[in-house]
Amino acid sequence: MDKSDLERLRIDTANAYGINLHQRYTEREAASLLIVPSRRLERKADISTIKRKRCSEKIPFVQCGDGSVAYLGMMLCDFLMFGERSVLLWGAGDVSSN
Numbered sequence: 002m003d004k005s006d007l008e009r010l011r012i013d014t015a016n017a018y019g020i021n022l023h024q025r026y027t028e029r030e031a032a033s034l035l036i037v038p039s040r041r042l043e044r045k046a047d048i049s050t051i052k053r054k055r056c057s058e059k060i061p062f063v064q065c066g067d068g069s070v071a072y073l074g075m076m077l078c079d080f081l082m083f084g085e086r087s088v089l090l091w092g093a094g095d096v097s098s099n
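For the sequence shown, this note's numbering gives the first residue as 2, with consecutive numbering after it.
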């Protein structure tokens, strides 16, 4: 897959999930955005799941200066498309564990 294919997939996923590719999202916002849009009203976002994924380096994230974390929209789209292997696109994770 080349860069243009990846960008097209990110845009399609962002449109389907209502994600702004270049926006930073808090952990709570990210957890909510990872729910299938048609089920967001009936399901509450569980931030403990995304925290576990982050702590075990299975989802890409940005460490903020104040000790908090954020997720870029494109990181969330990558996770939706590639699952835990998405960290490899961001230079993190262990290739041998996947």
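Positions of the beta carbon are idealized from the N, C-alpha and C atoms, including for glycine. Note that the structure is a prediction, hence the values are computed from the model and not measured.
Simplified DSSP assignment, three categories, for residue i
i     : result
ARG41 : coil
ALA71 : strand
Integer-rounded CB distance, given that residue j should sit under 8 Å from residue i
i     : j     : result
GLU28 : LYS52 : 7 Å
GLY74 : ILE20 : 4 Å
Residue i versus the options, residue with shortest Cα-Cα distance
i     : options                      : result
TYR18 : SER33, SER69 and ILE48       : SER33
SER69 : LEU90, ARG25 and THR14       : ARG25
GLU85 : LYS4, ALA31, SER57 and SER39 : SER57
MET2  : LEU77, GLY92 and PHE83       : PHE83
ILE36 : LYS4, CYS78 and LEU90        : CYS78
PHE92 : ASP67, ALA71 and ILE60       : The question names Phe, yet the displayed sequence has Gly at residue 92. Nearest option by C-alpha distance: ILE60.
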